[in-house]
Amino acid sequence: MALPKTFSNNVKKKLPENVVLKGPGGVVWDIELTTRDGIVYFTNGWQQFVKDHSLKENDFLVFKYNGESLFEVLIFDGESFCEKAASYFVRKCGRAAANTEQGVGCSSKKKDTDNSVEEVNTPSNGVDEGVSPEKSLHLNSIRVPFAVPVETTNGKTSNGGVESASP
352 MALPKTFSNN VKKKLPENVV LKGPGGVVWD IELTTRDGIV YFTNGWQQFV KDHSLKENDF
412 LVFKYNGESL FEVLIFDGES FCEKAASYFV RKCGRAAANT EQGVGCSSKK KDTDNSVEEV
472 NTPSNGVDEG VSPEKSLHLN SIRVPFAVPV ETTNGKTSNG GVESASP
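Take 352 as the starting number for the sequence shown in our numbering and just add one per residue.
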């Protein structure tokens with residue numbers, strides 16, 4: 352993928368040979384940069400990023416460059432123009448991922464989906480990983496609260512009538 356020429360012209364001399372793309376879910380991909388005819392391209396590693404995020408033609412990406420070697424990426428659907436929620440749950444695939452902490456499995460977008468739900472009761476005296484309610488769900492290793500308490504204007508706490516969450 353070619354970087355915009357205006358951007359490239361401003362930072363071309365500062366860019367390293369390799370950069371890191373940080374996806375919306377916090378997972379990182381090492382990407383090699385190549386310059387041809389004055390244009391900077393993402394090369395080695397870019398195709399894996401595309402594959403892992405199931406990018407399609409017309410999807411658009413917003414890159415935030417930190418000035419050194421990191422690009423944070425937001426991914427939007429090319430038809431609805433809404434941010435792709437699934438991009439927050441992508442994990443790296445492939446051989447290199449097996450050697451990293453972040454490479455715990457592959458992309459959460461599986462052909463054979465597992466919709467199993469496990470209800471977990473957390474201790475009432477403690478908070479489990481920032482989850483306030485006493486019950487939460489495990490959806491494919493992701494902790495989802497049953498209900499998130501909301502403080503109302505009269506100072507009372509309410510869960511908004513939500514008893515459970517479904518995937």
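Cβ coordinates follow ideal geometry from the N, Cα and C atoms, glycine included.
Item, Value
"Three-state secondary structure (DSSP) of ASP381", "strand"
"Endpoints, beta strand (DSSP E) assigned at ASN369", "369 to 373"
"Those residues which DSSP pairs with LYS415 across a bridge", "GLU423"
"Buried versus exposed, by CB contacts within 10 Å (16 or more), LEU421", "exposed"
"Boundaries (first-last residue) of the beta strand (DSSP E) holding VAL401", "No beta strand (DSSP E) holds VAL401; the alpha helix (DSSP H) holding it covers 397 to 403."
"Cβ distance (whole Å) where GLY374 is taken to contact SER431 below 8 Å", "Contact doesn't hold; Cβ gap of about 19 Å is too wide."
"Cβ-Cβ distance between SER359 and VAL401 below 8 Å", "no"
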